[in-house]
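Q: Take this structure, written in structure tokens, and hold onto it; I'll ask about it next.
In structure tokens, the structure reads:
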């Protein structure tokens, strides 16, 4: 239980390091408000056109869904791998079934053409 | 105007600075000495009572501060090595062989204007580099640098490593969304898609190592590989190593998978609107990531801090400097003087055109190098952690060099090739590696 506090403490130290550096840079750096053009988004020199938060491809979303499925799988596989010396054949077969079910999903996505970037 | 006032006006700016700071330093030193005399024993007692926390605080500070020079060194390596591969000279002005150029770049970034665009979401825009930098630096906590030299030995070390490393996706998405820029949005989404796709292969490829070692603690994994270099997991998990290396390249956004910063397509990706120190932290995080990925590769597959072979001539260093008594004082006082003159003499005699002071400087530098080498050799033979650090950093920087080498050699892939390769080839291959390893253990019964 103490280990989590070490991690939290380290995260706190890291955040304060970054903010101290950014604050120091803010103190010593040059600042200029500029005119209205300075704050415009950079689009290779021309004024911005249309909605900036534009529509983007659906494939990003589907990859994220696939990622969630397989990343949860990885958490289970890690625990299984640590205990594998005690499970042996039974563990091997059950993990084979578990992964086969997930691979079914991957095969379905593959057949649907989701994995091909468009 | 008084005499003091006139003398003060004649000083240059650095002189004024020195004369302003020195009194403060003197007062500060006196206060510190007084505090140590009064409270020293009390503080020591408190520290001794909380030894694990003190040890952790020192280790965490060291790890945190280590990330900056590491990034500087890798940036310099990248500039110089790629220049030499392109038959250019590369940086050669600032410092010996241009080695201080990346430090100067860092200082420049520190002093640049830190601008927030008008349309940006200010809070998220400021927090994004913090999250990205933290995600890479926090991974350093569990990496074992040498025996007894690590931030914290978590029993879920590897899982913690991947969990914290995965946080960088959040930071990249934050940066891309809050910038209010089409390039940033596309770049952020691209990085997120790439990193989450290769994250699975990265985490699955090490399952073979986990099965063989039976633990997630990185220290224990290193100890499992101690012995000769034939015990390294690289020889038991060649496919896992290959998948891990490819996925690590993609995870660290290195060529050939550097689509997130494909400057010819989407300017600078998620970092387009960033400037000043907030851009600097993105930049640092990228190079710290290269170091971390190399370090993890070495830890998991190449034996971490273990030496590839035993030192063939066992030596027992048994020095007791206290035995010299007063002679030690004379040695400390006279050795630099005599050493400098002896080492300077050949230069002074052989080259009559060289001024005496230059020969003396060369002699002094040579003397320091020799003493440094001697001290290192003694420490290498006598202290376990110096040996460990030597081998660990040696192996790690060999892989950092490989990453730089790939950048100097390979072209960039297309995004459809990138995603297709991850899901159609690497994922089945890493599952295959997993089951072959598990099946071999079941079949061999050990």
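Residue numbers (this note's numbering), protein chains in the order written: chain A, 57 to 174; chain B, 22 to 467. All C-beta atoms, glycine included, are put in the ideal place defined by N, C-alpha and C. Only a predicted model underlies this, so the values are computations on that prediction, with no experimental measurement involved.
1) With DSSP run on the structure shown, which of helix, strand or coil describes residue 121 of chain B?
2) In the DSSP output, which residue or residues are listed as bridge partners for residue 167 of chain B?
3) Ends of the alpha helix (DSSP H) at residue 66 of chain B?
4) Do residue 213 of chain B and residue 116 of chain A have their C-beta atoms within less than 9 Å of each other?
5) Applying a beta-carbon distance threshold of less than 8 Å, which residues of chain A neighbour residue 160 of chain B?
6) Would residue 173 of chain B pass as an interface residue toward chain A - the criterion being a Cβ-Cβ separation below 9 Å?
7) When you compare the CB positions of residue 473 of chain B and residue 204 of chain B, do they come within less than 9 Å of one another, or not?
8) Rounded to the nearest angstrom, what separates residue 155 of chain A and residue 248 of chain B at their Cα positions?
9) What does residue 96 of chain A reach in chain B if we use C-beta pairs closer than 9 Å?
10) Decide if the segment 254 to 266 of chain B is in contact with the segment 347 to 356 of chain B; the criterion is three or more beta carbon pairs, one per stretch, under 8 Å apart.
11) Could you give the distance in angstroms between the alpha-carbon of residue 40 of chain B and the alpha-carbon of residue 313 of chain B?
12) Can you list the residues of chain B that residue 150 of chain A reaches, using a CB-CB cut of under 7 Å?
13) In terms of alpha-carbon separation, which member of A/170, A/128, A/79, A/153 lies closest to residue 131 of chain B?
14) Assuming contact is defined by CB atoms lying nearer than 9 Å, are residue 321 of chain B and residue 411 of chain B in contact in what I supplied?
15) Mind checking residue 153 of chain A: buried by the 16 CB within 10 Å criterion, or exposed?
16) If we call anything under 9 Å between Cβ atoms a contact, is residue 128 of chain A one with residue 165 of chain A?
17) Under three-state DSSP, which class holds residue 256 of chain B?
18) Would you mind listing the alpha helix (DSSP H) stretches within the segment 389 to 421 of chain B that are 4+ residues and don't spill past its ends, in chain order?
19) Leaving aside the five residues before and after residue 217 of chain B along the sequence, list all residues of the same chain whose C-beta is less than 7 Å from its C-beta, in chain order.
20) By Cβ distance below 7 Å, which residues in the same chain neighbour residue 146 of chain B in space, the five residues on each side in sequence not counted?
21) Quick check: what's the CA-CA separation for residue 141 of chain A versus residue 424 of chain B?
22) With distances taken between CB atoms, is the gap from residue 75 of chain B to residue 161 of chain B smaller than 9 Å?
23) Say whether chain A places a C-beta atom closer than 9 Å to the C-beta of residue 439 of chain B.
24) What does residue 135 of chain B reach in chain A if we use C-beta pairs closer than 9 Å?
25) What residue from B/404, B/434, B/306, B/368 has the CA that sits closest to residue 93 of chain B's CA?
26) Report the rounded CA-to-CA distance for residue 170 of chain B versus residue 78 of chain B, giving the unit in angstroms.
27) Please list, in chain order, the chain B residues whose beta carbon lies closer than 8 Å to that of residue 169 of chain A.
28) Once DSSP output is grouped into helix, strand and coil, what is the label at residue 243 of chain B?
29) Going along the chain, which residues of its own chain have a beta-carbon closer than 7 Å to the beta-carbon of residue 188 of chain B, five neighbours each way excluded?
30) Flag residue 198 of chain B as yes if its beta-carbon sits less than 9 Å from any beta-carbon of chain E, otherwise no.
31) Starting from residue 468 of chain B, trace the alpha helix (DSSP H) both ways and give me its first and last residue.
32) So residue 134 of chain B and residue 219 of chain B are in contact, right, with Cβ under 8 Å, and what is the actual spacing, rounded?
33) Following the continuous alpha helix (DSSP H) through residue 89 of chain A, name the residue where it begins and the one where it ends.
34) So, does the CB of residue 101 of chain A fall closer than 9 Å to a CB anywhere in chain B?
35) Does the contact criterion of 3 or more C-beta pairs under 8 Å hold for the segment 237 to 244 of chain B versus the segment 430 to 448 of chain B?
36) Determine whether the beta carbon atoms of residue 21 of chain B and residue 71 of chain A lie at a separation below 9 Å.
A: Let me spell this out:
1) coil
2) B/170
3) 34 to 70
4) yes
5) The premise fails here: residue 160 of chain B is roughly 11 Å from chain A at the closest Cβ pair, so nothing lies under 8 Å.
6) yes
7) Past the boundaries of the shown model lies residue 473 of chain B; chain B is included only from 22 to 467, so the question cannot be answered.
8) 35 Å
9) 138, 139, 140
10) no
11) 44 Å
12) Those within 7 Å of residue 150 of chain A in chain B number zero; the least Cβ separation is about 11 Å.
13) A/79
14) no
15) exposed
16) no
17) coil
18) none
19) 190
20) 137, 199, 200
21) 35 Å
22) no
23) yes
24) 78, 81, 82, 85, 87
25) B/306
26) 13 Å
27) By Cβ distance, chain B contributes nothing, its closest Cβ being about 11 Å from residue 169 of chain A, past 8 Å.
28) helix
29) 152, 156
30) Here the protein chains are A and B, and chain E is not one of them.
31) Since the displayed chain B opens at 22 and closes at 467, residue 468 of chain B lies outside it and no answer follows.
32) Residue 134 of chain B to residue 219 of chain B, Cβ: 35 Å. No contact.
33) Residue 89 of chain A -> no alpha helix (DSSP H), and no H or E assigned at all.
34) no
35) no
36) The displayed coordinates of chain B run from 22 to 467. Any statement about residue 21 of chain B would go beyond what the structure contains.
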